[in-house]
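Novice:
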Amino acid sequence: MSTTSADPAHAQPASTKSLASFGLPPIVLYAVGLALLVAGPFFVYPLFLAKILCFCLFACAFNLLGSVGLLSFGHAAFFGASAYVAGHALKVWGLPFELGAVIGTAAATFLGVVFGYVAIRRQGLYFAMITLALAQMIYFLALQLPFTHAEDGLTGVPRGRILGLFDLNNLYVLYYTAAVIFVAGYLLIYRITHSTFGQILKAIREKEPRAISLGYRVNDYKLLVFVLSAALAGLAGATKTMVVQLASLTDVHWSTSGDVILMTLLGGSGTMFGPVVGAVVVEMLEFYLADSGLPIQAVIGAIFVVCILLFRRGIVGELSHLLDSKSRGKAG
Amino acid sequence: MRAYGIAIIAAVVLGCGTAYAEIANDKVKIGVLTDLSGMYEAGAGNGSVEAAKMAAEEFGGKINGKPIEILAGDHQNKPDLGAAVANRWFDVDKVDAIAELVNSAVAFAVLDIAKQKNKAVLLAGAGSADFTGKACAPDNSVHWVYDSYELGAAIGAAVPQLGKKWFLLNADYAFGAAMEAGVRRALEAQGATVVGSLKHPLGTTDFSSYILQAKAANPDVLALNSGGPDTDNAIKAAREFGVNAKLVGFGVDLPSGIKGMGLDTAQGVWYVTPWVQRDDAETKAWVDKFMAARKVPPGSFQVGVYSAVKNYLKAVQATNSTDPKVVIAKMRETPVRDVFTDDGYLRPDGRMVHSVALMQIKTPAESKGEWDLSKVIAKLPGDKVFRPLADGGCPALAGK
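Just so you know, the protein sequences line up as chains G and W, in that order. Each residue of the first sequence is one higher than the last, beginning at -4 in the working numbering. Each residue of the second sequence is one higher than the last, beginning at 5 in the working numbering.
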């Protein structure tokens, strides 16, 4: 599937899709991925990797919404709201990280219900604009509410201990905690998209009127997947707060909503693994270009333009398409 | 660890760290973490990196035989990115001090990390007065250039020249609120009245309704507690609507910014600057050197970075140490005399106190050269404008 186009009329016919293109890369790839995940911190700065994993989860959560053909332009609201709430819980209430993450995720879930209830009544561009408008409300709330400290940000959030045992200030403990959260979130998303529920989502994306005529309450499905996506984005936000020890206006800013769309499109929307690759690429560029003296935004923008022009399915989308057509070629 | 602690205590007690401390990793590394691609680039950005390099050059690139290295990083005004870069610099690249940090949010984040990892932070572009107040870290940070308290107090000192009836137009965010509080405090002390006050969102482009309300209140002075493009836009709107009040702007002290507005629009605007170019050979040579590299005159943050880095390096040289506590203690003993200021000193809470200047932008007729943009109205002594040590409420000093 090459598109998260919110307009069902523009979606490709279902018959062109194999299971592989919806993201079941060979088991080998998963083994390699897992090995990288385990070995990563011994080669790359673990704190940075942990932060990448948070954005990977965020991008995957965003991509979940793509499975029903919705494009949200306000996902930073869930990510950021959870980041702030979790940060406040850890810093001011002195709660352990697990509880902080739960409270943050709960806050994002609540917002997801509210946003979803309002937004899913519209489709396409209107849906995107409503989510953007609601997210901007959250941004201005974050700017004004005292507990967020406005543009100074909520800084110096203590990490505490995971399960009350392991000190999260140890970068390896920190990394593996983030890795476990990411893998759990990823598996949950995988399970959702590959369940009957996921099949119905796909049906709704391909042709909503037909799904309605088959007797599905389309809006209920949309709302549920929207809330799930918001909750997972919230989990990513809460974890990020613990990792980088701060929550700031950047987290709720519309540019973060834009970043996650960029990550998903770059990696390949509609694929399971695409958002992960996209998040890694974007974060790596931002981080390693930071002291390179190059204009970062211009570089990322140029890469994005090249991607859109040359491989519209995104990095992973294009790869799996290649593999697909190869295997079809052999069979034929 | 304990032995190390004892060594430091001993060093401090003896008032001299030379015998115990040393330059870690045989290199003195300073990272300039700033906005290299966004709205603060002109005032800080690459010019600050250049200024830090100029400071290092004055030591011949070496201190006591150990090379000085200046790194540059772009925080893109994203605190989490700034924090990630700072963490990597401290952990992996073994950076000893991070300088500049325009954007308070990034600065707060980096300061927390520096406290945890016992590193030094040299703040130039960050403006919150909390850096020497409730968030103070006297053993890890110095706040070199300006803060929100000082801006308000300095402008208050100009009340006799400006008038008694003030109208305040404030950017609706924490820094705008802090400046408003500072200005109000100063006005009250001077017996001036605030006839009206409005808040506008950050990044407002159409100021007409605000300016018309201000005009209707008929104040002597219209103070713009914002910065950057907001101040520029408000000044332009005030000119268009023919506001008669004297205009006071904050964050308009950057030469290229004034030039961008044009003297026709900007003439007569009052502002406070933490740095004013002195008329001596040393300053002129420095500015010429800066302009040769950057093509524009330096802003106060950039000169501030130069001054902070230079004084930090001097203290490293004197103590032969990169331990922030030792180095900053030495910096406190040494008066600051350079291109940035000729009467500066570092206070125990980390505030570098120095005189600031009240300025007015020249009329096109008064301007004699391309960069001859404003004139000094008054020089205000640092002790009068910076928050008194006792009022800051720095928790780390409470026990001392």
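Beta carbons are placed, not taken as given, at the ideal position from N, Cα and C, and that holds for glycine.
1. Touching or not, the stretch 61 to 75 of chain W and the stretch 314 to 322 of chain W, by the rule of three or more beta carbon pairs under 8 Å?
2. Helix, strand or coil for H147 of chain W, going by three-state DSSP, please let me know.
3. With 9 Å as the C-beta to C-beta threshold (strictly closer), list the residues of the stretch 203 to 220 of chain W near chain G in chain order.
4. For chain W, check one thing: does any of its Cβ atoms lie closer than 8 Å to the Cβ of P290 of chain G?
5. May I have the straight-line CA-CA distance separating S62 of chain G from T266 of chain G, to the nearest angstrom?
6. CA-CA distance, D327 of chain W and K168 of chain W?
7. Taking DSSP as the reference, what is the three-state secondary structure of R391 of chain W?
8. Could you tell me whether any Cβ in chain G is nearer than 8 Å to the Cβ of A56 of chain W?
9. Any idea what DSSP makes of L75 of chain W, helix, strand or coil?
10. Measuring only the C-alpha atoms, how far is A402 of chain W from P141 of chain G?
11. Verify the CB distance criterion: does Y171 of chain G have a CB-CB separation below 8 Å to chain W?
12. Is the beta carbon of Y150 of chain W sitting closer than 8 Å to the one on G186 of chain W?
13. Alpha carbon to alpha carbon, how far is A76 of chain G from W330 of chain G? Give it in angstroms, no decimals.
14. Closest to G207 of chain W by CA distance: which of W:P233, W:V96, W:Q194 and W:M183 is it?
15. I'd like the span of the alpha helix (DSSP H) that includes E104 of chain W, first residue to last.
16. Would I12 of chain W pass as an interface residue toward chain G - the criterion being a Cβ-Cβ separation below 8 Å?
17. Any beta-carbon of chain G closer than 8 Å to the one on G47 of chain W?
18. Counting only beta-carbon atoms, is P85 of chain W nearer than 8 Å to chain G?
19. Distance, Cα to Cα, I187 of chain G vs G64 of chain G?
20. Please classify I74 of chain W as buried or exposed, where buried requires at least 16 other C-beta atoms within 10 Å of its C-beta.
21. So what does F161 of chain G bridge to, in DSSP terms?
22. Check the Cβ of S145 of chain W against every Cβ in chain G and list those closer than 7 Å, keeping chain order.
23. Since V36 of chain W is in the beta strand (DSSP E), which residue starts that stretch and which ends it?
24. Count the other C-beta atoms from every protein chain shown that fall within 10 angstroms of the C-beta of G18 of chain G, then say buried if there are 16 or more, exposed otherwise.
25. Compare the C-beta of G253 of chain G against all C-beta atoms of chain W and say whether one is closer than 8 Å.
26. Between Q240 of chain G and chain A, is there a C-beta pair that is closer than 8 Å?
27. Looking at chain G, which residues of the stretch 97 to 124 of chain W have a Cβ within less than 7 Å of any of its Cβ atoms?
28. Output the residue ranges of the alpha helix (DSSP H) runs that lie fully inside the stretch 89 to 129 of chain W and measure 4 residues or longer, sorted by chain position.
29. For E281 of chain G, go through chain W and note every residue whose CB falls closer than 7 Å to its CB, in chain order.
30. Check this for me: beta carbons of K321 of chain G and C49 of chain G, under 8 Å apart or not?
31. What do you reckon, are the CB atoms on G47 of chain W and G303 of chain W nearer than 8 Å?
32. Return the CA-CA distance between G180 of chain G and D176 of chain W, expressed in angstroms with no decimal places.
33. In angstroms, rounded to a whole number, what distance separates the CA positions of F94 of chain W and G288 of chain G?
34. By DSSP, does I27 of chain W sit in helix, in strand, or in coil?
35. Given a cut-off of 8 Å on the beta-carbon distance, is the pair V238 of chain G and A173 of chain G in contact?
36. By Cβ distance below 6 Å, which residues in the same chain neighbour A242 of chain G in space, the five residues on each side in sequence not counted?
Specialist: According to the structure data:
1. yes
2. strand
3. P205 and L206
4. yes
5. 9 Å
6. 49 Å
7. coil
8. no
9. strand
10. 25 Å
11. no
12. no
13. Outside the shown range of chain G (-4 to 327) lies residue 330 of chain G, about which nothing can therefore be said.
14. W:P233
15. No alpha helix (DSSP H) holds E104 of chain W; the beta strand (DSSP E) holding it covers A101 to E104.
16. Only weak support is given to the placement of I12 of chain W: the predicted model assigns it a pLDDT of 48, under 50, and the question is left unresolved by the model.
17. no
18. According to the sequence displayed, residue 85 of chain W carries Leu and not Pro. L85 of chain W counts as touching chain G.
19. 15 Å
20. buried
21. G:I157
22. Near S145 of chain W there are no residues of chain G at all, since even the closest Cβ is about 14 Å away, more than 7 Å.
23. V32 to T38
24. Because G18 of chain G sits at a pLDDT of 49, beneath the cut-off of 50, its placement in the model cannot be relied upon, and the point is left open.
25. no
26. Absence of chain A from the displayed structure is noted, the protein chains being G and W.
27. S108, A109, F112, A113 and D116
28. 108 to 121
29. L85
30. no
31. yes
32. 38 Å
33. 19 Å
34. coil
35. yes
36. A78, Y79, G82, L149 and T236
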